[in-house]
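Residues in the sequence shown are numbered consecutively from 16, following this note's numbering.
For every residue, glycine included, the Cβ atom is placed at its ideal position computed from N, Cα and C.
What follows is a set of notes on a single structure, which appears directly below.
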Amino acid sequence: MITRRFLFLVLILGFLAVPARVTARPASRSYYLGFTPFPYDISFDAVNFTYDKIATDADLISHAFDNGVPWPEALSGKEFHANVMGDWNLRKTKTPTDHKVYVQITPINLMRNALAPYRAEKDDLPLPVPWDSYAFNAPEVKQSYLNYCRRVIAYFDPDFLAIGIEVNLLMQNRPDLWPSYVELHRYVYGELKKEYPTLPIMVTFQVTAMLEGYQPEYDHQRQMQALRDLIDYTDIFAMSVYPYFSVYTTQRLPTDIFDQLAALTDKPLAVSETGYPAQPFTLTQPPVTFETDETKQNRYISLLLAKANEYNFKFIINFVLRDYDRIWELTGKSDFVAVWRDTGLYDENGKPRQALQTWKDALALPVR
Numbered sequence: 016m017i018t019r020r021f022l023f024l025v026l027i028l029g030f031l032a033v034p035a036r037v038t039a040r041p042a043s044r045s046y047y048l049g050f051t052p053f054p055y056d057i058s059f060d061a062v063n064f065t066y067d068k069i070a071t072d073a074d075l076i077s078h079a080f081d082n083g084v085p086w087p088e089a090l091s092g093k094e095f096h097a098n099v100m101g102d103w104n105l106r107k108t109k110t111p112t113d114h115k116v117y118v119q120i121t122p123i124n125l126m127r128n129a130l131a132p133y134r135a136e137k138d139d140l141p142l143p144v145p146w147d148s149y150a151f152n153a154p155e156v157k158q159s160y161l162n163y164c165r166r167v168i169a170y171f172d173p174d175f176l177a178i179g180i181e182v183n184l185l186m187q188n189r190p191d192l193w194p195s196y197v198e199l200h201r202y203v204y205g206e207l208k209k210e211y212p213t214l215p216i217m218v219t220f221q222v223t224a225m226l227e228g229y230q231p232e233y234d235h236q237r238q239m240q241a242l243r244d245l246i247d248y249t250d251i252f253a254m255s256v257y258p259y260f261s262v263y264t265t266q267r268l269p270t271d272i273f274d275q276l277a278a279l280t281d282k283p284l285a286v287s288e289t290g291y292p293a294q295p296f297t298l299t300q301p302p303v304t305f306e307t308d309e310t311k312q313n314r315y316i317s318l319l320l321a322k323a324n325e326y327n328f329k330f331i332i333n334f335v336l337r338d339y340d341r342i343w344e345l346t347g348k349s350d351f352v353a354v355w356r357d358t359g360l361y362d363e364n365g366k367p368r369q370a371l372q373t374w375k376d377a378l379a380l381p382v383r
């Protein structure tokens, strides 16, 4: 969440501008490069453009489901609603056959403070009775979520699977729910590893919340406890990383961010989602402007790719392929949507940005 304290610290540190170092071009890469098919508009043209560019500008696709779980159907074994299966079918049909597939799902809601909502004829529906009373570790929830994971695996045949998204934020927002979530995750992870021992299974962490001083409103000790509780139950330390979600905003790029993150664990690393804005944007509550441009975006992408090779990351997902100004307009121009609006490697008109060439130069390297 964007807080007043966070914005106050932004203004204090805004004058610190430090360029990232440029490293020599490597001969190979350790990681796959991908995007989500999140479209820039509500249209078939937008969907087709996004998938077409994923086919040429990536070798991995990320299917991210942060919009609810069909809880009763997963428990009973009934068919999922046509809304769910239609979405799944479109994604599977349009996924390039030569791309690696990463799927991320979660039992936690988008605000990271409760059980995920219900998904059926619509996304993000209120939980039906009695699901609205269940804890994360309720037997029904544990079995339903395990069954849901199995169905996702059977349908998408992923190369990488995350079964929780930015889970450490639950520790901050609802620490009282954390133990029951940990029980759920450990159970589902353990059962899935018995059945799919070679499939990399993980949770993702919102990592600026975990680095001391980056987001001071987060309790650092609690964040480290969350990491300790889960690190033995994740095959990859998968990082959701938006460095401007910190006291540094877009005024300073902390060039040691990935060094600090790599020091947290000896597990393999990956970037489950990331992005950096290439245009200035202003939040309204309270008013604050993030000054940036495509040169700053390219500087971040260059740093990310260099550090990914240094630390042998498994994959990198730039969540937004093309700026979604139209979606922002259609959804009321909210601050929440604006935060990621300009993080595409294509601008809102489909024009490639500097960072896209940097990205494609890396994509041209062989995976080692």
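Here M100 is exposed, its C-beta having fewer than 16 other C-beta atoms within 10 Å. Using a Cβ distance threshold of 7 Å, Q119 and A79 count as a contacting pair. Taken atom to atom, the span from the alpha-carbon of D113 to that of D247 is near 31 Å.
Within its own chain, the residues whose Cβ lies closer than 8 Å to the Cβ of T249, once the five positions on either side in sequence are excluded, are Y204, I216, M217, V218, K282, listed in chain order. Distance from the CA atom of M225 to the CA atom of Y202, rounded to whole angstroms, is 24 Å. D174 sits close to K115, with the two beta carbons spaced by under 7 Å. Taken through DSSP and simplified to helix, strand or coil, A79 comes out as strand. Around the beta carbon of A379, fewer than 16 other beta carbons lie within 10 angstroms, which makes this residue exposed. Annotation for E206: L161 place their beta carbon closer than 7 Å to its own, counting only its chain and skipping 5 residues before and after.
In the structure shown, the three-state DSSP call for R201 is helix.
Taking all protein chains shown into account, G347 has fewer than 16 neighbouring C-beta atoms within 10 Å of its C-beta and is therefore exposed. Your pair F330 and A285 checks out as a contact, with CB atoms roughly 5 Å apart and the cut at 8 Å. Selection I168, K322, A70, L242 evaluated against Q221 yields L242 as nearest (Cα-Cα).
Taking every protein chain shown into account, the CB of G228 has fewer than 16 other CB atoms within 10 angstroms, so this residue is exposed. Scanning the stretch 312 to 347 from its first residue to its last, the whole beta strand (DSSP E) runs of 3-plus residues come out as 330 to 333.
DSSP places S45 outside both helix and strand once states are collapsed to three, so it counts as coil. Counting along the chain, M254 sits inside the beta strand (DSSP E) bounded by residues 252 to 256. CA-to-CA, the gap between N82 and F95 works out to about 14 Å. Under DSSP, M217 forms a beta bridge with A177. Per DSSP, F59 is one residue of the alpha helix (DSSP H) stretching across 59 to 72. Fewer than three Cβ pairs drawn from the stretch 299 to 306 and the stretch 320 to 329 lie within less than 8 Å of each other, which leaves the two stretches out of contact.
Between T289 and N333, the CB-CB gap stays under 7 Å. Under the DSSP definition of a beta bridge, F151 lacks any partner.
Ranking H235, R127, P194 by CA distance to the CA of V182 puts R127 first. Each residue's CA atom was taken as its position, placing F252 and E210 some 21 Å apart. In the DSSP assignment, Q240 falls within the alpha helix (DSSP H) that extends over 235 to 245. Between the C-alpha atoms of S43 and N152 there is a straight-line separation of about 44 Å. DSSP places K115 within a strand segment (E or B) once states are collapsed to three.
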